[in-house]
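Numbering follows the working numbering, with no gaps: position 168 of the sequence shown is 458. Heads up, the beta-carbon is just placed ideally off N, CA and C, and yes, glycines get one too.
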Amino acid sequence: MTARGTFLTFEGIDGSGKSTQARLLAEHLRREGRDVVLTREPGGSDGAEEIRSLVLQGDPDRWSAETEILLFTAARRDHLERTIEPALAEGKVVICDRFADSTRMYQGLSRGDLRGLVDQLHKLMIGREPDLTLLIDMDPETGLSRAKGRQGAEERFEDFGLDLQQQMRAGFLGLAEEFSDRFRVVDGNRDMDSVAQDVTDIVMVALR
Ligand code: ADP
Ligand code: TYD
């Protein structure tokens, strides 16, 4: 029988602390002697990292809404084939900063209601959900100011402003209800260590 690992994802609005919590969790699990792959989307494989710069840099109107869904899904397919599935087959814990729930939200909501298209493409080309998804829930104003504090070229969605962040927060909480079997909501409006403690407690139960 093939060994199967555990696939954990972090979701939430920009600046909610996903990357920080994903890193702290990876460090914790490694200290416990677990084999961990820490990865992110868009990206996480050579090809997907190339697609990342295509979708997050340059003119925001560079791609139509539909093409954008295809690009995020193409990146995910490469990431899944080359990074995620091989690691899970070796029994590792894969921690991924964003996954398909981000496409359901950003591409599904930000430029009209395209959720149906996102779901169809997901079923056709990805067909896999995480074992556990940690939603770091965060006040949108705080999230946006934290995200803006990071200077960089990848400001594609942060530039949509507070309205979109509010819509995304509500959307993510809705997803947590829709997929309540695999989602856990963590209050991100606290210091890093308190958030990390909740994350660890939830994950340790899942890994038992
Ligand atoms: P995300 O990956 O969700 O965009 P990050 O983990 O990159 O978020 O965090 C965004 C910024 O906020 C970073 O500068 C990070 O150091 C800071 N940060 C993360 N978590 C907290 C927290 N609980 N309290 C205060 N600042 C935080
Ligand atoms: P990320 O690097 O996680 O940004 P942040 O640290 O600010 O949360 O993701 C970059 C951007 O990509 C983010 O604004 C959300 C967007 N995104 C999508 O629009 N669709 C997707 O499927 C994914 C994975 C990310």
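Given a threshold of 16 other Cβ atoms within 10 Å of its Cβ, counted over all protein chains shown, does alanine 379 qualify as buried or as exposed?
exposed
Which residues does DSSP list as the beta-bridge partners of glycine 451?
Bridge partners of glycine 451: none, in fact.
Any beta carbon of chain D sitting closer than 8 Å to that of leucine 370?
Here chain D cannot be found, since the structure has a single protein chain.
For aspartate 491, which of helix, strand or coil comes out of DSSP?
The answer is helix: DSSP assigns aspartate 491 an H, G or I state.
beta-carbon lysine 438 near the ligand ADP non-hydrogen atom, thresh 7 Å:
no
Check whether the Cβ of lysine 308 lies closer than 7 Å to any heavy atom of the ligand TYD, and answer yes or no.
yes
Alpha-carbon spacing of methionine 291 relative to threonine 423, whole angstroms:
Confidence in methionine 291 is poor, its pLDDT being 47 and thus under 50, which makes the residue's placement unreliable; the coordinate value appears in the next sentence. Between methionine 291 and threonine 423, the C-alpha separation is close to 26 Å.
So what's arginine 394 in DSSP terms, helix, strand or just coil?
helix
DSSP three-state assignment for leucine 407, whether helix, strand or coil:
helix
Which residues does DSSP list as the beta-bridge partners of glutamate 431?
Answer is none; glutamate 431 lacks a bridge partner.
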